[in-house]
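> Here you go, one structure.
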Amino acid sequence: MANIISNQTFDAERALYNLTDAHVVACRFEGPADGESALKEARNIGLNQCRFSLRYPLWHVQQFTMTNCQMDEKARAAIWYAQSGRIVESNLGGIKALRECQDVYLGQCTVDSPEFGWKCQNIRVYDSNIQAEYLFLDSRDVELTQVHMKGKYSFQYMENLVISDSVLDTKDAFWHSKNVTVKNSTVKGEYLAWFSDGLTMINCKIIGTQPLCYCKNLKLINCTMEGTDLAFEYSDVEADVIGHIDSVKNPRSGCITADSVGEIITEDSVMECTGKVMIR
Numbered sequence: 022m023a024n025i026i027s028n029q030t031f032d033a034e035r036a037l038y039n040l041t042d043a044h045v046v047a048c049r050f051e052g053p054a055d056g057e058s059a060l061k062e063a064r065n066i067g068l069n070q071c072r073f074s075l076r077y078p079l080w081h082v083q084q085f086t087m088t089n090c091q092m093d094e095k096a097r098a099a100i101w102y103a104q105s106g107r108i109v110e111s112n113l114g115g116i117k118a119l120r121e122c123q124d125v126y127l128g129q130c131t132v133d134s135p136e137f138g139w140k141c142q143n144i145r146v147y148d149s150n151i152q153a154e155y156l157f158l159d160s161r162d163v164e165l166t167q168v169h170m171k172g173k174y175s176f177q178y179m180e181n182l183v184i185s186d187s188v189l190d191t192k193d194a195f196w197h198s199k200n201v202t203v204k205n206s207t208v209k210g211e212y213l214a215w216f217s218d219g220l221t222m223i224n225c226k227i228i229g230t231q232p233l234c235y236c237k238n239l240k241l242i243n244c245t246m247e248g249t250d251l252a253f254e255y256s257d258v259e260a261d262v263i264g265h266i267d268s269v270k271n272p273r274s275g276c277i278t279a280d281s282v283g284e285i286i287t288e289d290s291v292m293e294c295t296g297k298v299m300i301r
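Take the sequence shown: its letters are residues 22 to 301, numbered as in our numbering.
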């Protein structure tokens with residue numbers, strides 16, 4: 022039977038180090054001793070209704086669940102090198118909340134962490150709100166569904182990312198990314214997806230200046246574009262856009278089809294550009 026630790030406060034260094042086969046319920050990790058790494062190297066643990074206000078609480082943790090837990094801004098670098106985790110109905114604060122983790126699910130969570138999800142693999146996020154300046158930098162095999170996010174330099178250097186039914190309020194997202202699919206989503210930003218390879222957007226609304234430049238293997242299927250001037254410069258693209266594009270500049274190859282285009286710019290190119298723009 023699993024050990025149950027409940028209604029206690031811990032502030033010592035490595036207070037529950039290497040805890041195994043245990044449930045931690047309604048505990049607080051805070052106090053004057055200001056100890057770090059409270060649950061480092063824990064195995065097969067469940068955390069429920071706990072509050073974390075100390076640094077590095079969950080490092081090298083395996084097979085863990087967190088339910089209805091709170092991590093405030095003092096819980097810096099909270100979850101690193103962790104594997105096989107499930108985090109639900111929890112608030113994750115503090116810079117660098119998740120890094121170099123594998124096989125982690127987040128559901129119905131609120132995240133406010135400027136450098137969230139760096140160098141992770143096999144992460145799934147469902148029905149959550151995320152605020153992060155640099156989100157999921159250099160991560161692999163990530164799925165986001167019904168996510169509302171706000172940030173700046175999101176999803177850079179990522180591979181194998183699928184986003185569905187989400188709203189992204191970002192800046193230059195998807196830079197240098199590979200094999201990204203975005204479906205049924207709104208993407209608002211600037212300089213979207215420059216230098217990406219294998220980006221596919223399906224039934225999406227794209228908002229913002231100078232999107233989708235220097236792209237390889239770019240596909241837009243049944244998308245709309247708003248405020249998108251100077252789009253597709255030097256990109257290899259096949260695009261089916263419903264409605265209007267403000268302007269298209271020097272697409273390198275492929276074909277862009279739209280109902281109307283404000284301006285087609287084919288001047289001052291630094292490379293051969295054979296891309297076509299077709300008006301329905």
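Idealized CB from N, CA, C, for every residue including glycine. Note that this is a predicted model, so its numbers are computed, not measured.
Specify the secondary structure class of Ala279 as computed by DSSP and reduced to three states.
Looking at Ala279 - three-state DSSP - the assignment turns out to be strand.
> Between Ile266, Ala36 and Val291, which has its C-alpha nearest Val298's C-alpha?
Per the Cα distances, Ile266.
> Return the residue from the list Val282, Met92, Glu136 and Ser256 that minimises the CA-CA distance to Glu247.
Taking only the C-alpha atoms, the option nearest Glu247 is Val282.
> For Ile263, name the three-state secondary structure that DSSP assigns.
Note: Ile263 maps to coil in three-state DSSP.
> With H, G and I counted as helix, E and B as strand and the rest as coil, what does DSSP make of Ala153?
Looking at Ala153 - three-state DSSP - the assignment turns out to be strand.
> Taking the straight line between their C-alpha atoms, what separation do you get for Pro232 and Glu136?
Approximately 24 Å, taken between the alpha carbons.
> What's the C-alpha gap between Arg120 and Thr295?
For Arg120 and Thr295, the distance between alpha carbons rounds to 42 Å.
> In angstroms with no decimal places, state the Cα-to-Cα distance between Val132 and Phe157.
So the two alpha carbons sit approximately 12 Å from each other.
> Alpha carbon to alpha carbon, how far is Leu213 from Asn181?
Cα-Cα distance, rounded: 17 Å.
> Where do the N-terminal and C-terminal ends of the beta strand (DSSP E) with Asn181 fall, by residue?
Asn181 -> beta strand (DSSP E) spans Glu180 to Ser185.
> If contacts are defined as beta-carbon pairs under 8 Å, then Thr191 and Gly219 qualify, I think. What distance do you get, rounded to the angstrom?
Not a contact, Cβ separation roughly 19 Å.
> Going by Cα to Cα distance, which pick from Met179, Phe31 and Leu37 is closest to Asp55?
Ranking the options by Cα distance to Asp55, first place goes to Phe31.
> Which residue's Cα is closest to the Cα of Leu165: Asn205, His197 and Glu154?
The option with the nearest alpha carbon to Leu165 is Asn205.
> I'd like the list of long-range same chain contacts for Leu68, defined as Cβ closer than 6 Å, with 5 residues on each side in sequence excluded.
Excluding residues within five positions, the ones whose Cβ falls inside 6 Å are Val45, Met87 and Cys90.
> Can Ser198 and Ser217 be called in contact, C-beta distance under 8 Å?
Result yes, Cβ atoms of Ser198 and Ser217 sit closer than 8 Å.
> Since I believe Val125 is in contact with Ile144 (beta carbons under 8 Å), could you give me their beta-carbon distance rounded to a whole number of angstroms?
Rounded, the Cβ-Cβ distance is 5 Å, consistent with contact.
> So, Asn243 versus Ile223, is the Cβ gap smaller than 8 Å?
Contact flag set, yes.
> Return the CA-CA distance between Met22 and Thr41, expressed in angstroms with no decimal places.
Here Met22 scores only 42 on pLDDT, less than 50, and its place in the model should not be relied on; the value that follows carries that caveat. Taking the straight line joining both Cα atoms gives about 11 Å.
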